[in-house]
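Protein chains in written order, with this note's numbering: chain A, 3 to 117; chain B, -9 to 105.
A virtual CB, placed ideally from N, CA and C, is assigned to each residue, including glycine.
Notes for the one structure printed next.
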Amino acid sequence: KAGVTQTPRYLIKTRGQQVTLSCSPISGHRSVSWYQQTPGQGLQFLFEYFSETQRNKGNFPGRFSGRQFSNSRSEMNVSTLELGDSALYLCASSSRAGLTGNTIYFGEGSWLTVV
Amino acid sequence: GESVGLHLPTLSVQEGDNSIINCAYSNSASDYFIWYKQESGKGPQFIIDIRSNMDKRQGQRVTVLLNKTVKHLSLQIAATQPGDSAVYFCAENISSGGSQGNLIFGKGTKLSVKP
């Protein structure tokens, strides 16, 4: 079956703009998490959604937000972009939230460059 | 592809040798651990996982060892191949709060396989 799909793969935005990234989880997976990856900070957890509800949130400013739809697809939004938001944004999905040991699969990511 | 891992510890091995990648995790409450492989320009790829009630788990050519006493995790790759060249991340999960999508990642180790 298809893996985690993220769109767009690459995008360039200007400071002050906003961006929306999309993620389609593996079919049947209801938990979606988002991560930011940068050379300096590595992989950092942004937030997790399950059944359209945010289950957990990382230590990021309110400019970073997300949502999940009834079909488990998820979007994340970053408003008022800053140069430091340039990163690879990764989406991950798993079958269930609330239980450890469910394998978490990542998509290929969306490369965001802010100029 | 672009690199998201700069200034990483590097392990250089000869093709056919065994590789051992080490990771110190941060929280004694972590109860689930995963190793991911990330190739340039791609998202993290699941390799193997282990729960805290185990100290060893084997997969195909890979073995994960968990030492909870010293909070140490290792990934052993047998008969390392050029295709194993990548950045390897360990990740830990704390199930408190019912969130299993919140993975805490290590900084990563770059494995370079010499033919």
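Taking the C-alpha atoms as reference points, what is the distance between residue i and residue j?
i: R51 of chain B; j: I67 of chain B; result: 6 angstroms
i: C13 of chain B; j: D39 of chain B; result: 13 angstroms
i: F52 of chain A; j: G30 of chain A; result: 12 angstroms
i: T40 of chain A; j: F49 of chain A; result: 16 angstroms
i: E(-8) of chain B; j: I11 of chain B; result: Because the pLDDT of E(-8) of chain B is 41, which lies under 50, any placement of that residue in the model is unreliable, and the number read from its coordinates should be weighed accordingly. Between E(-8) of chain B and I11 of chain B, the C-alpha separation is close to 23 angstroms.
i: Q56 of chain A; j: I28 of chain A; result: 18 angstroms
i: G86 of chain A; j: G31 of chain B; result: 19 angstroms
i: Y12 of chain A; j: Q70 of chain A; result: 22 angstroms
i: V(-6) of chain B; j: G96 of chain B; result: Because V(-6) of chain B sits at a pLDDT of 43, beneath the cut-off of 50, its placement in the model cannot be relied upon, and the following sentence gives the value as read from the coordinates. Their Cα atoms are separated by approximately 13 angstroms.
i: L1 of chain B; j: V103 of chain B; result: 8 angstroms
Listing by chain order, which chain B residues have their CB less than 7 angstroms from the CB of residue i?
i: N73 of chain A; result: Per Cβ cutoff of 7 angstroms: no residues; N73 of chain A is ~18 angstroms from chain B at best.
i: T105 of chain A; result: F36, D39
i: G44 of chain A; result: F95, K97, G98
For a contact meaning CB atoms closer than 8 angstroms, what does residue i contact in chain A?
i: N92 of chain B; result: S35, F47, E50, N58, G60
For residue i, return the contacting residues in chain A, with the cut-off set at a CB-CB distance below 9 angstroms.
i: I24 of chain B; result: T105, I106
Using a Cβ cut-off of 7 angstroms, pull out every chain A residue sitting near residue i, in sequence order please.
i: K32 of chain B; result: E110
Mind listing the chain B neighbours of residue i? Cutoff is C-beta to C-beta under 8 angstroms, in chain order.
i: L83 of chain A; result: Per Cβ cutoff of 8 angstroms: no residues; L83 of chain A is ~19 angstroms from chain B at best.
i: L92 of chain A; result: G33, P34
Determine the closest residue to residue i out of the options, with distance taken between C-alpha atoms.
i: L101 of chain B; options: B:N83, B:L93, B:T70; result: B:T70
i: Q48 of chain B; options: B:N92, B:A76, B:I24; result: B:I24
Exercise for review: Determine contact between the segment 105 to 115 of chain A and the segment 56 to 72 of chain B, defined as no fewer than three beta-carbon pairs at a distance below 8 angstroms.
Suggested key: no
Check your understanding: Along the chain, which unbroken stretches of the beta strand (DSSP E) at least 3 residues long are found entirely within the segment 49 to 91 of chain B?
Key -> 52 to 57, 62 to 67, 76 to 83
**Study point:** Every unbroken beta strand (DSSP E) inside the segment 74 to 115 of chain A [3 residues or more]
**Key:** 76 to 80, 89 to 96
Review point. Counting pairs of beta carbons, one from the segment 6 to 26 of chain A and one from the segment 78 to 96 of chain A, are three or more of them closer than 8 angstroms?
Key: yes
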